[in-house]
Structures are given as structure tokens and as C-alpha cells.
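Working notes, structure below.
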Amino acid sequence: MLQNHPEICRHLLWFFGVAACVKLLLIPSYHSTDFEVHRHWLALTRSLPLSQWYSDETSPWTLDYPPFFAYFEYFLSFFARLVDPQIVDVHQGLNYEADTVVYFQRISVIVSDLCLVYGIYRLTRKLEAKKRVAMWILVIWSPALVIVDHMHFQYNGFLLGLLMLSISYLQDGRDVMGGFLFAVLLCFKHLFAVAGPVYFVYLLRHYCRGGLLKGLGRLAAMGTVVVAVFAAAFGPFFYHIQQVISRMFPFGRGLCHAYWAPNFWVFYIILDKGLAFLLKKFGIDIPTPAASFTGGLVGDSSPFAVLPQVTPLSTLIMVLLALSPCLVKIWKNPHPGSVARWISYAYTCGFLFGWHVHEKASLHFVIPLAIVAVQSLEDAQHYFLLSIATCYSLFPLLYEAQEYPIKVVLLLLHSMLMWFGFSAKFSKVKPPTISDNKKTRKKGSSSSSSRSGEEGEFVIGWGGKCYIIGIVIVETWGQLLHPYFLGDKLPFAPLLLISIYCGVEVVYSWVWQLKRIMAD
Amino acid sequence: MDRNNRGKVGKDNVELDNNKNGDVCWWLLHKGLASFFLCISMFGLLVRWTVSLHSYSGAGNPPKFGDYEAQRHWMEITVNLPAQDWYINSTKNDLSYWGLDYPPLTAYQSYIHGLFLRFFDPESVTLFTSRGYESYTGKLLMRFTVLSSDLLIFFPSVLYFIHAYYDVHSRGRKADVAWHILLILINPCLVLIDHGHFQVIKLNSALLFKLSPLSFCFVNLMSTYFAPAFFSHLLGKCLRRKHPLLEISKLGLVVLGTFAMVWWPYLHSRDAALQVLSRLAPFERGIYEDYVANFWCTSSVLIKWKRLFPTQSLRLFSMVATILACLPSMIQQILAPSSKGFLYGLLNSSLSFYLFSFQVHEKSILLPLLPATLLAMEWPRPFKLLTHYALFSMFPLVCRDNLILPYIALYALCIFLYHPPGGRWDGAKRHHSTPLTLVSVLLTLAYLGSLVLHIVYLTVRPPERYPFLFEALIMLLSFSHFVLFAFHTNTKQWMLSGHLIGSDKGKKQH
């Protein structure tokens, strides 16, 4: 079944090519603030000396990514200046919207996606054909990536590519390379640090073993690599490190983003509101908080009426708590086959309990989970729903009428493709021998009795079907019925509904993943 | 790439076999053709809507704007005036400003779309004041009218065609059918013109798929390009029935009946009908405009038709030339009507109209392209070539509309789709690949030349003396291929009946 690598490469590039054509067509779509943010960073890095990168305040969109990303923008700005000098002008380029800048930036995202393609290539080159193709569908044609990167505008494809590369090296047992790439990734975007504990424990147990001396030596080696990466990133900013840190961690932004990411805090706020409402009904007087969550922007203080206040520290503790069972598991049995699962789980925790989480951050766990999804039938079924729900939660990101058909069709199309891919992979007529990718989960009898994991048909259970129908209902309510019945009243309600509805699936997914990890 | 699928038939085995052989698209067909069709139509919708994000013909270009404004203006006219006045110049209907010059059925379609626009954005179709109306919502609604007519008419017709075609022939593997669907639904030229440039050509074309006499009448109204083929095919079929005369008269009645139905508002007086007719055939505009890759325009490099002859005689010339060019395929169909021959007939007649008729627009190449797409599985290589040159011949138009980006993206997309990894449908025929002949070398050279010409057209300024040098070159190159193509398809059509009437082989050249 294994094919020669150039052929896989060509097939993969075909998948990428088809996607790239659609992405090219998407160039004139919605011009978001993130677009201007990245344009400003291009100008900033090109026109200002290094020392001012993190202190400049020409535009409200200050540089808040770690230095490697700034270098990346610096590198891009070199070409940007060749295309159109106005792009990289700090003052005159503000809110510049000419075709040149749009084309340049959009195409730079499409090209930087090649990093993701390479990561996927490394991950899939040794898999059997069906798994490989299923994974390509999940990642290369991911609608969430298209929406966030190519319509809204960000460089997630590139960053996730680094993550995928790192995972692929870990799976191959090349821990130093994996750790190095992860350190590099952290210096590109520090939001990926949530998986840090997983990496730490895994590398400690898997790499730094074999006696005390050897272990310590390896620990030192790994430490040197990581420190070297961070030194390369932050070294040039040594004298302004305070400024850099304060820009990178703007805790003043509040617990939730303007649009609530579908995570735990949505339920927390709802519960708070509900309790406050009930208490008032019973005549107990409670001080109503000044700032309202529903107003959109959220201030510094978290205005809870009844429940305890939430601080950045408490969110951090919650994330670590949620991670701890997984860390114990890694400590006990650090085997490379489950790395992808653990890392995705870490990002799920970060998404669910983190401080000021963007809905876009769901990509961080949905994309790596694709590696796991093709491994067994249950994983596939779990992934199918999760992918639909998180992609749907991105809908409010594109609120203009022009993009509406695109996001709907993207989601529908991808659900269909996913369904095709999974049901081709998990069909009844499979031969009984499957090389389970480095995983030794096969236990007990060999044939028909233990088919649960690998065999059987891909079907969506009644729960899943209900959930999908629910999405349709939520969307119809938000788009048609709500404006019809309520008009302009409660304008945030449809968004809130989406958050809650998708939050249910994310919480379910978190529990499911945790159960799965513990059962492994 | 070459080593897969050599005549495998077993339906269930196909996936597994292909899987071994490195075809990565097996999973698409796993769930059967119906879901594949649905999936591809989704993709088609996605591509169409993304193309429609781009600019349109005459965007922000007063006073006349472009085809977008023409369509919008028709909606304005049809919504606000009674049907009798649609084609008549009056104080309310200035025919010199994008007057209706399509047959009544198109006007009815405009009317429906106009109602739709009026419901959501009344301002965009108010009489007079809406001229040159351009807004975000307006564009969205207009784009949506095209998309909806695609969705409601074009897609089901394709489904119907595929069903009828592969039922009759009952051959071809699942994968072939699948790729055929893909080719028809995602045709770069059609998408680019309809959703980029702005046209509602689909409706005309869609009716084509319904191979029945009734649709003949509709099509006849909208695109005379296909009329000869329909006529000869149906005549040929009738002649083979038991009572030819009865059949013909029945057919005639049906045709007349539909005509009467569609033309009802204009039949109350001779003047009204004549007025409509004169609008449909705008002879005053001259035999050609711009640089169309047809006979008159191309030969005008050498012979200045417009200066040598009056319009009257040119009209005659073009009519005679067109009929002569259609004749071989018509005769073939009358002698031996068959459904495949009919498709060839459509192709040939529309191609000869494109090449020889009066007042042809660049976009008209879509009409021959459509039956060609339906026949794509018969000859993939010439089909690819035709698609390439059809796109190429529209390149100057596309540049004018500022649609270069979608052009490139769609071109790349169609290359990817035509060459799936594992060589799905081309690979099946590749084992008798063509040897290196003079023709193939020439074709490759021309192909490369056209690619270079794309870049040259965009980057190099033409010399002062010949400002339209590159347009002329593009036209020349495309024209030569279209002519070659016309010969090729005529030959093919006659070869079809070769075993029936061997003696007629001599007639195949015209």
C-alpha cells in the first residue's frame, strides 16, 4: 500500500492546489480589522528601528505577537515594499486598502500555507492511503482555516504547520527537533503555550530517560536548545523586555472577547445572570454590576453579580487543573503515538477555561485533532461533530451579507467531504488486518468480537443527528425568525445562542477527550 | 500515473482497485453518484459565489456602464411597464439606453428577477432614477438572481441530462459519469461570464439539456445558434416514424403553440411583433465589433468587409455562409438522427453560427462550448484545447472587466480538476496516446504561444501604430483553433453514421 513519496507529494499538492484556487477567488472578500493589523505590522517592522517595534503607538493595532512573528513580518515587508511602497509606510499606509496591499497580503497567507502542507506531508507520508486522504480532507480543506485565514485574515495555517511539524517529529521519536519546533512556534505566537506543560512532561519522561546522568545530560541539551531559540527571539529586545512582555499579555482586555467564544465562561456568565435574576425575584437585593457583558466590549473588572469574580490567575489554575489528569497519564506512559491527542487536549482546555479566548482559537485543537480522528471510528465520529460545531461557531466572524453564502456552503461542503472521507475509511468491507499506527491498543481476540475501534461503518448517531438539526434551527432563528419576531430588540441574543450551542459541543468534546485519554 | 484503471468494470471493486493504484479521488464516489452530484454542486456554488465577489462588467464606469447595468435596466423596464411596451421606444422606455434586445422569454425572466429586486431593494429598479444604480445590496441581489437561476434551472437540467444520457447509452463507469458531472458543472468560461462579467446565459443553455420538442421552441426563441441542429434532428426523427407527415405537423403545432404562448403580448398586431423582431436582430450595429475570433473579424485584417460592402449585402453573405457551414451536420442528422449525433449537431451548428453569423459577441463562444462539454467524455484532449481557447478568446474582455484574478484562479482550478492525481478520466484513454506528429507539435507550440501571449498582453504596451495588435493576435490564434475544431467535429459527426451509410463519407468536408 505504501507509495513512493514523490507521488504522495504530488497528490497532496493537488489537494492544496484546488484549495488555493478557491482561496485566490476569496481575495476580495471581507476586509477585517485583522487585515489592517497585519498591514500595520508590515509597515512597523519595515520603517521603524527594532527598539521601537514594541513601543510604537501610531495605530491602535500595536504589535502583540512575540518577536519571531515580528521578524516574519519584517521578512514579508521586504517584498511588500517592492510591490507598493505605501504598504510599509507607518503613517501614510494607515487603513490603506488598495488592491496591491490586499493582493499582497492575501497571497502571502496562501503561500505561507505551504508550511502546513509540509507538516501534513510529514505526518501522513507513512500512513495508509485511506487515512492519508481523510486527513488531507480534514486539514487542507478545512473550512475553519479558510474562514479565519483567508477571509478574516490571519496566519494560522503557517503557525499550525509548525505545530504539525513538531508533532510529526515527536511521533517519529525525534524529540529534540520536536521540542525545538515547539519553542520556535512559541516565539511566533505565545497563545500556543497552553500545550507547554504537555511538552514539558512528555519530553522529560520520554527524552530525558536512561539513568540519572544521561537523563540530566539530555535535559541540559534540550534546555539549551529551547533557551537558544528564546534567546534568538527575545535577545535583540533585551533592553525593552518589559515593554515586550506587557504588549504580549494584555490582561486588561477582560475575560471574554466581544463575541463570546463557545467555552466554559459562557455558561458561567449565564448562570450568574440567571442566579441574579432569581434572587431578585425572591426579593434579595444584590448590587448590579456597572458593566454589562452584553454590551460587547468588556472592561477590566469582571462584573459578576452572584458568582465569584474571575481573575487571570484563576483561569490559569483552572486550565492547569483540567490538564493535570492528562499530565499524570503522560508521566506514567509517555509513548509517541498519543502525542497528538494530548496536545489537542491541552489546547481544548486552554480554549475552554482560558482568559480572553478568541473563537478563532478553536483551530488550535481542531486541526491537530485531525491526526487522531483518522485513527479509530469513535474518534472520527467525535471529530465530525466537533469540526462542524467549531466551524459554525466561527460564523459570527463574518457578519456581512456578501460572505454569508460562502460560509454556509463551505461548512456544508466540508461536512459532506468529511462524511465521504470517513465513510470510505470506515466501511464494512475492510480487510481484517490493519496496521494500527504505532498504537498497541489491540487486545483480546483477533477477529469479530473486538471490532469496535477499527471496523464497522461510519454512521452518525441519533445524538449527533439531533445536534446537527439543532444547528440548523439555531441558524434559522438567528437569521430569519429573530429579526422577524423581535426586530431590533436583543440584538446579541442570536450570537449568544450560537455561543451556548457550540459551547455544549466543546464541553462535551472536552469530557470525551479526557475520558478517551484516561482509557488509553 | 498511467498505471491505473484499464477497463475495470466491477462497481464495488473500483474503489479498492483504485486505492491500490494511487487514485486519491475514490472516496468521492464511495457514496454513489447522487451524493457526488450534490457535493459537486456545492462546490460549484462555492466557486460561483466567490467569483461573484469580484468586479462586474462596467462597474463604476458611467455613462453606459456594462452588461450588469443592461440586465438591471431590463429588470427596471419589465417591472415598471406593461409587457406590450417593453420593446417599443417611448418617453418611458429609451431603447438607445440598453433597450431589450433579447427574446420575450428572457424578458419574462428579467421580470421575475425584477420583482425579486423590488421586494428587497425597491430603489434599485425604480424607473429612470435607478440608472447606473450601484450599491452593495444591489450587487448582492443581482448576483443572487444569477445564482438562483443557476441553482433552479441549470443544476437540475444537468442532473436530468446526465440521467438521460447515461441511461440511454448505459455504458461508462461510475467514475466517468462523475467526472462528466464535474466538467459540466464547473466550466470556467461559463462561471466567469455569468458570475463575473454578469450574464444570465445559463437559462438559455439549461433548456438545451431537455432533449424534447417542447424545449426546442424555447431554445429557438433564445438562441438561434442551436436551431438548425434541433430542426434537423427532429425532422430526421420524424421521417423515421410511421406517419412522417402527421408527426411533422404535430411537431409544427407544438412549436407554433409554444411560440404563441411566449409571444402572446406581441401578437395582437403585426407592428408589435415586427418591432420585437427588429429589436432582436440589430443589423444596424455592423457585422462585427471589437475583436471576436470569428471569420468576419479575422478576415477583416486582410479584407475590409465594412468598407467594401454595404451592410445589406454583408447580411446576405453572413447568412449564406452560416447556412452553408451548418449544412453538413444538418444533413447528417436528417439522414441518421441519433442522440449523440444530435449533440454533435448542436455543437457544429452553434460553432458555425459563432464563426460566420452577423454581430457575434465574444461571449457567444459559450454556446458551442456547452454541447462540447456534454460530449467531453468522447474526446477529452480536444475538449481541453477548446476550453483553453474559449477562455483565451475572452481574455481581452476579461481584462476590461477587471476580472483577471478570477480568470487565473478559474484557469488553474480547471487545470487541477482536469488532471486529478491518478489521471482519472484522461488516464483511461492514455494508453493509446497519440504519437508525436506534426499536428501535435504545432498544437503544443500554439498552446505555449497563447500562454506567453497572456503575459505579453498584460505587461507589454502595443506599438503606437497598431494599438490592437495583441487583441488581433489572440483573435487569430483562437480563430484558427476554432476552425480546426469545426472541421474536427464535423468529421466526427459524420464518422458516427459511417457504418450506416458508408458511401456518404465523402461529404464530410464542406
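Just so you know, the sequences run in chain order A and B. For the first sequence, UniProt numbering begins at 1 and goes up steadily by one. For the second sequence, UniProt numbering begins at 1 and goes up steadily by one. Don't be surprised by glycine CBs; every beta carbon is placed ideally from N, CA and C.
Is DSSP giving A:Val133 helix, strand or coil here?
Here residue 133 of chain A refers to the residue found at position 133 when the first sequence is read from its first residue. Here A:Val133 sits in helix by DSSP.
Would you verify that the beta carbon of B:Asn5 is, or is not, closer than 8 Å to some beta carbon of chain A?
Here residue 5 of chain B is taken as the residue at index 5 of the second sequence, counted from 1. Reliability of the predicted coordinates at B:Asn5 is poor, the pLDDT of 34 falling under 50, and no value is obtained from them.
Cα separation between B:Ala107 and B:Phe342?
Start at 1 with the first residue of the second sequence, and residue 107 of chain B comes out as number 107. Start at 1 with the first residue of the second sequence, and residue 342 of chain B comes out as number 342. Distance between the alpha carbons of B:Ala107 and B:Phe342: 28 Å.
Spatial distance of A:Val366 from A:Ile87 (CA atoms):
The residue given as residue 366 of chain A occupies position 366 in the first sequence. The residue given as residue 87 of chain A occupies position 87 in the first sequence. Roughly 33 Å between the two C-alpha positions.
Neighbourhood of B:Lys210 by C-beta distance below 7 Å, restricted to the same chain and skipping five residues each side:
Looking up residue 210 of chain B in the second sequence gives position 210. Only weak support is given to the placement of B:Lys210: the predicted model assigns it a pLDDT of 46, under 50, and the question is left unresolved by the model.
Starting from the N-terminal side, write out each stretch of the alpha helix (DSSP H) that is 4 residues or longer and does not extend beyond the region 13 to 82 of chain A.
33 to 47
With 8 Å as the threshold, decide whether the Cβ of A:His11 is near any Cβ in chain D.
Among the chains of the structure shown, chain D does not appear; the protein chains present are A and B.
Would you call A:Tyr392 buried or exposed, if buried means 16 or more other Cβ atoms sit within 10 Å of its Cβ?
Stepping through the first sequence from its first residue, residue 392 of chain A is reached at position 392. Flag for A:Tyr392 reads buried.
Where A:Cys256 sits in the DSSP three-state scheme:
The residue you call residue 256 of chain A lines up with position 256 of the first sequence. Correct three-state label for A:Cys256: strand.
Cutting at 8 Å between CB atoms, please list the residues of its own chain near A:Val176, excluding the five before and the five after it.
Working through the first sequence from its first residue, we reach residue 176 of chain A at position 176. Closer than 8 Å at the Cβ level, and outside the excluded window around A:Val176, lie Tyr207, Ala221, Met222, Val225.
Applying a beta-carbon distance threshold of less than 7 Å, which residues of chain A neighbour B:Lys31?
Reading the second sequence from its first residue, position 31 is the one you call residue 31 of chain B. Result: Phe420, Ser423.
With distance defined between alpha-carbon atoms, name the residue in A:Phe15, A:Leu495, A:Glu97 nearest to A:Leu398.
In the first sequence, counting from the first residue as 1, residue 398 of chain A sits at position 398. Nearest C-alpha to A:Leu398 among A:Phe15, A:Leu495, A:Glu97: A:Leu495.
Leaving out five residues before and five after A:Val22 in sequence, what residues of the same chain have Cβ atoms less than 8 Å from its Cβ?
On the first sequence, residue 22 of chain A is found 22 positions in, with the first residue counted as 1. Cβ neighbours of A:Val22 beyond the five flanking positions: Val146.
Quick one: grab the DSSP three-state call for B:Val191.
To locate residue 191 of chain B, count along the second sequence from 1; it is residue 191. The answer is helix: DSSP assigns B:Val191 an H, G or I state.
Indicate whether A:Ser509 and A:Thr348 have their beta-carbon atoms separated by less than 8 Å.
The sequence position of residue 509 of chain A within the first sequence is 509, counting from 1. The sequence position of residue 348 of chain A within the first sequence is 348, counting from 1. Contact: yes.
DSSP three-state assignment for A:Val225, whether helix, strand or coil
If you number the first sequence from 1, residue 225 of chain A lands on position 225. The answer is helix: DSSP assigns A:Val225 an H, G or I state.
Give me the Cα-Cα distance between A:Leu25 and B:Val47, rounded to the nearest whole angstrom.
Taking the first sequence and counting its residues from 1, one reaches residue 25 of chain A at position 25. Taking the second sequence and counting its residues from 1, one reaches residue 47 of chain B at position 47. Distance from the CA of A:Leu25 to the CA of B:Val47, rounded to the nearest whole angstrom, comes to 8 Å.
Would A:Ile343 pass as a contact of A:Ile167 if the rule is Cβ separation under 8 Å?
In the first sequence, residue 343 of chain A corresponds to position 343, counting from 1. In the first sequence, residue 167 of chain A corresponds to position 167, counting from 1. Closer than 8 Å, so yes.
Less than 8 Å separating the beta-carbons of residue 541 of chain A and A:Ile517?
No statement about residue 541 of chain A is possible, as the shown extent of chain A runs from 1 to 520 and does not include it.
Just checking: is the beta-carbon of A:Leu25 within a distance shorter than 8 Å of some beta-carbon in chain B?
Numbered from its first residue, the first sequence carries residue 25 of chain A at position 25. Taking Cβ atoms only, chain B reaches closer than 8 Å to A:Leu25, which makes this a yes.
Collapsed DSSP secondary structure at B:Val292 in the structure displayed:
Numbered from its first residue, the second sequence carries residue 292 of chain B at position 292. In the structure shown, B:Val292 sits in coil (DSSP, three-state: anything other than H, G, I, E or B).
Neighbouring residues, chain B, relative to A:Trp141 (Cβ below 7 Å)
As a position in the first sequence, residue 141 of chain A is number 141, starting the count at 1. Going along chain B, no residue has its Cβ under 7 Å from A:Trp141, so there is no contact; the nearest lies around 10 Å.
Is it buried or exposed for A:Gln309, if we count other Cβ within 10 angstroms and need 16 for buried?
Position 309 of the first sequence, counting from 1, holds the residue named residue 309 of chain A. Under this definition A:Gln309 is an exposed residue.
Would a check of beta-carbon distances place A:Ala401 closer than 8 Å to chain B?
Along the first sequence, read from residue 1 onward, the residue named residue 401 of chain A stands at position 401. It does; some Cβ of chain B falls within 8 Å.
Over the uninterrupted alpha helix (DSSP H) stretch that includes A:Gly478, give me the two end residues.
Taking the first sequence and counting its residues from 1, one reaches residue 478 of chain A at position 478. Unbroken run through A:Gly478: none, as it is neither H nor E.
For A:Ile434, does the count of other Cβ atoms within 10 angstroms reach 16, so buried, or fall short, so exposed?
As a first step, residue 434 of chain A must be located in the first sequence, where it is residue number 434. For A:Ile434, the pLDDT reaches just 42, beneath the cut-off of 50, and the residue's location in the model is therefore unreliable, leaving the point undetermined.
According to DSSP, is A:Val306 helix, strand or coil?
What you label residue 306 of chain A is simply residue 306 of the first sequence in a count that begins at 1. Three-state result, A:Val306: coil.
Measuring straight from C-alpha to C-alpha, what distance separates A:Tyr54 and A:Met164?
Start at 1 with the first residue of the first sequence, and residue 54 of chain A comes out as number 54. Start at 1 with the first residue of the first sequence, and residue 164 of chain A comes out as number 164. Near 29 Å, if we compare the C-alpha coordinates of A:Met164 and A:Tyr54.
Which chain A residues sit within Cβ distance under 8 Å of residue 515 of chain B?
Outside the displayed span of chain B (1 to 510) sits residue 515 of chain B, for which this structure offers no information.
Out of B:Leu410, B:His54, B:Thr437, state which residue places its alpha-carbon closest to the alpha-carbon of B:Tyr136.
As a working mapping, residue 136 of chain B is identified with position 136 in the second sequence. The shortest Cα separation from B:Tyr136 among B:Leu410, B:His54, B:Thr437 belongs to B:His54.
Where does B:Val439 land, buried or exposed, given buried means 16+ other C-beta within 10 angstroms?
Reading the second sequence from its first residue, position 439 is the one you call residue 439 of chain B. Label assigned to B:Val439: exposed.
Indicate the three-state DSSP secondary structure (helix, strand or coil) for A:Val357 in the structure shown.
As a working note, residue 357 of chain A is residue 357 in the first sequence. DSSP places A:Val357 in strand when its eight states are reduced to three.
What separation, rounded to the nearest whole angstrom, lies between the Cα atoms of A:Leu255 and B:Asn187?
For the purposes of this step, residue 255 of chain A is taken as the residue at position 255 of the first sequence. For the purposes of this step, residue 187 of chain B is taken as the residue at position 187 of the second sequence. Approximately 49 Å between the Cα atoms of the pair.
Could you check which residue in A:Leu63, A:Tyr74, A:Ser32 has the C-alpha nearest to that of A:Val106?
Translated into positions along the first sequence, residue 106 of chain A becomes position 106. It should be noted that the sequence gives Arg, not Val, for residue 106 of chain A. Answer by Cα proximity: A:Ser32.
Considering just the uninterrupted stretch of the alpha helix (DSSP H) at B:Gln493, what are its terminal residues?
On the second sequence, position 493 is the one that residue 493 of chain B refers to. Here the alpha helix (DSSP H) through B:Gln493 covers 469 to 496.
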